[in-house]
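Asks: Residue numbers (this note's numbering): 145 to 256. Before I ask anything, here is the structure I am working with.
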Ligand SMILES: [Zn+2]
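Now the structure itself:
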């Protein structure tokens with residue numbers, strides 16, 4: 145048996161499956177209506193939209209993941225460049241200290 149609702153008065157109706165697709169007069173409001181085919185529209189429509197919705201969600205998830213990954217990549221590059229800058233400063237400081245010590249040593253040698 146097919147179970148369906150009248151589109152006019154929303155009365156729940158039932159008809160044998162072989163009558164699916166045929167037009168009848170609703171026993172509730174007597175308006176003509178088409179009996180839905182063997183697979184009710186409401187049931188066949190519900191499983192499909194989640195599949196269609198899940199794909200954009202996947203794309204959104206992938207895009208978000210890529211955005212997060214690229215953000216992390218940019219952050220790590222920035223951190224690396226900061227570390228490089230710090231290392232360069234340390235090397236400069238060490239070089240200045242070494243020069244000063246060398247100058248002091250030269251003065252000591254000249255003085256003696
Ligand atoms: Zn009706």
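A virtual CB, placed ideally from N, CA and C, is assigned to each residue, including glycine. Here the structure is a predicted model, which means the values were calculated and not measured.
Once the 5 residues before and after residue 174 are set aside, which same chain residues still bring their CB inside 6 Å of it?
Replies: On the chain shown, position 30 is the one that residue 174 refers to. Correct list: empty, nothing qualifies.
Asks: Hey, how far is the Cα of residue 150 from the Cα of residue 158?
Replies: Reading the chain shown from its first residue, position 6 is the one you call residue 150. Reading the chain shown from its first residue, position 14 is the one you call residue 158. Each residue's alpha carbon lies about 10 Å from the other.
Asks: Expressed to the nearest angstrom, what Euclidean distance is found between the alpha-carbon atoms of residue 220 and residue 232?
Replies: The residue given as residue 220 occupies position 76 in the chain shown. The residue given as residue 232 occupies position 88 in the chain shown. Between residue 220 and residue 232, the C-alpha separation is close to 18 Å.
Asks: Under a three-way DSSP split, which group does residue 179 fall into?
Replies: Sequence index remark: in the chain shown, residue 179 carries index 35 (1-based). It is coil, neither helix nor strand.
Asks: Just the Cα atoms here: how many angstroms apart are residue 181 and residue 172?
Replies: The residue you call residue 181 lines up with position 37 of the chain shown. The residue you call residue 172 lines up with position 28 of the chain shown. Roughly 20 Å separates the two Cα atoms.
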